[in-house]
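Accompanying notes for the structure given below.
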Amino acid sequence: MAKMKIKKNDLVQVIAGKDKGLQGRVIAVHTETDRVLVEGVNRITKHTRAGGQRGVNTGGIQVQEAPIHVSNVMVVDPETKKPTRIRTRVETVDRDGREKTVRTRVAVRSGKDL
1 MAKMKIKKND LVQVIAGKDK GLQGRVIAVH TETDRVLVEG VNRITKHTRA GGQRGVNTGG
61 IQVQEAPIHV SNVMVVDPET KKPTRIRTRV ETVDRDGREK TVRTRVAVRS GKDL
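Anchor point for the sequence shown: position 50 equals 50 in full-length UniProt numbering, and the numbering is continuous, going up by one each time.
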């Protein structure tokens, strides 16, 4: 299983599919299925039945987001507001007399930290 470079709360843009060009924040990341849930993207209508515990659920038609494959989205560059690839920069930092390696995500397009 490959590591996903997209994290929760990233601003992403859809690059393929029916919602191509839309941008939104990542709500959830499902690493086991390689899918992400993006706010306002891939919206579906779901019919729910009334009932449940003590009538809490009123039922009816609800519109909600469905997961989209991670290959169909790209992270938006904070400087240019365009989709970009992600690179990882590894640095060694001195903390409390110890050397630690710190990994930071960097936008390829502008070089800015994400």
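Yeah, the Cβ is synthetic: ideal placement off N, Cα and C, and Gly gets one too.
Q | Whole-Å CB distance - T88 paired with R105, under 8 Å assumed | A | Indeed, because the Cβ distance is near 6 Å, the residues count as touching under 8 Å.
Q | Any beta strand (DSSP E) of 3 or more consecutive residues that is wholly inside the stretch 46 to 107 | A | Restricting attention to beta strand (DSSP E) runs no shorter than 3 residues, the stretch 46 to 107 encloses them at 60 to 65, 73 to 76, 86 to 95, 98 to 107, ordered along the chain.
Q) V41 by DSSP, collapsed to three states: which one? A) Three-state result, V41: coil.
Q: Measure the C-alpha to C-alpha separation of G17 and E99 and round it to an integer number of angstroms.
A: The straight-line gap from Cα to Cα measures roughly 45 Å.
Q | Alpha-carbon to alpha-carbon, A66 and A50 | A | Spanning the two alpha carbons is a distance of roughly 22 Å.
Q: Please say whether G24 and G40 have beta carbons closer to each other than 9 Å?
A: In this structure, G24 lies closer than 9 Å to G40 by Cβ.
Q) Cβ of G60 within 9 Å of Cβ of H47? A) Less than 9 Å divides the Cβ of G60 from the Cβ of H47.
Q) Buried or exposed: where does D77 fall if 16 or more other Cβ atoms within 10 Å of its Cβ makes it buried? A) Buried.
(Q) For a test of the three-state rule: what should DSSP assign to G17, helix, strand or coil? (A) In this structure, G17 counts as coil in the three-state DSSP scheme.
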